[in-house]
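Asker: Throughout, my numbering is defined as the position within the sequence shown, counted from one, plus 28.
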Amino acid sequence: MAEEAAQKAKDKEGGAKRAQRATSNVFAMFPQAQIQEFKEAFTMMDQNRDGFIDVEDLKDMYASLGREPSVKDLEAMLKEAPGQLNFTAFLTIFGEKLHGTDPENTILSAFQMFDAENKGFLEEEYIKDLLTNMGDNFTNDEIRQTWKEAPFSGGKLDYKKFCKILKGSDTDDLAA
29 MAEEAAQKAK DKEGGAKRAQ RATSNVFAMF PQAQIQEFKE AFTMMDQNRD
79 GFIDVEDLKD MYASLGREPS VKDLEAMLKE APGQLNFTAF LTIFGEKLHG
129 TDPENTILSA FQMFDAENKG FLEEEYIKDL LTNMGDNFTN DEIRQTWKEA
179 PFSGGKLDYK KFCKILKGSD TDDLAA
């Protein structure tokens, strides 16, 4: 039994898919009380208490609820994580689902498409025109609300900083 646990720990350490660090501070996305609730939910799912949720944990959890999903379905659930499903990965997935936004690099790439000279800034009027005339058109009220949070300086939007604000990332590293 001890050998089996040691082998499982060794497999987790040297496995092909390791848990990856989130690129933003996922713990800043939620109030402390909500993080504690997520931790309790994670602990309930981590049936073997090894710090990771795997197929066996999900199988046991569903069995306790009187359900028997296929291993294929359980594996599909786990594939949503970038690696092994530890608590940080669990919280990141919930953060992205609950906040309904794309990953930071996707948002940044979208802004960069409109910055032909790659300056890191877009003119305020240009952004306003894009938001009111392309895709899901913003109303004037939505523009006003967005402008309250957006980092404008001299009539230009610092879209790299704005992406970090949208995703709750640390903007201190942009000071340079």
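Built from N, CA and C at the ideal position, the CB exists for glycine as well.
1) Contact criterion: CB-CB distance below 8 angstroms. Does PHE190 meet it with respect to chain C?
2) What's the gap between the Cα of ASP74 and the Cα of ALA104?
3) Quick one: what's got a C-beta closer than 8 angstroms to ASN161's C-beta in the same chain, skipping five residues either side?
4) If we ignore side chains and look at the alpha-carbon of each, how far apart do LEU106 and ASP82 end up?
5) When burial is assigned at 16 or more other CB atoms within 10 Å of the CB, is LYS192 buried or exposed?
6) When DSSP labels each residue in this structure, what does CYS191 get in the three-state scheme?
7) Ordered along the chain, which non-local residues of its own chain (more than five positions away) have a Cβ less than 7 angstroms from that of TYR90?
8) From what residue to what residue does the alpha helix (DSSP H) around ASP82 run?
9) For GLU184, which of helix, strand or coil comes out of DSSP?
10) Could you tell me which residues DSSP pairs with PHE149 in its beta bridges?
Answerer: Let's see:
1) Protein chain content of the structure displayed is limited to a single chain, and chain C is not contained in it.
2) 17 angstroms
3) none
4) 7 angstroms
5) buried
6) helix
7) GLU96, PRO97
8) No alpha helix (DSSP H) contains ASP82, which DSSP labels as neither H nor E.
9) What sits at residue 184 in the sequence shown is Lys, not Glu. Here LYS184 sits in strand by DSSP.
10) ASP186
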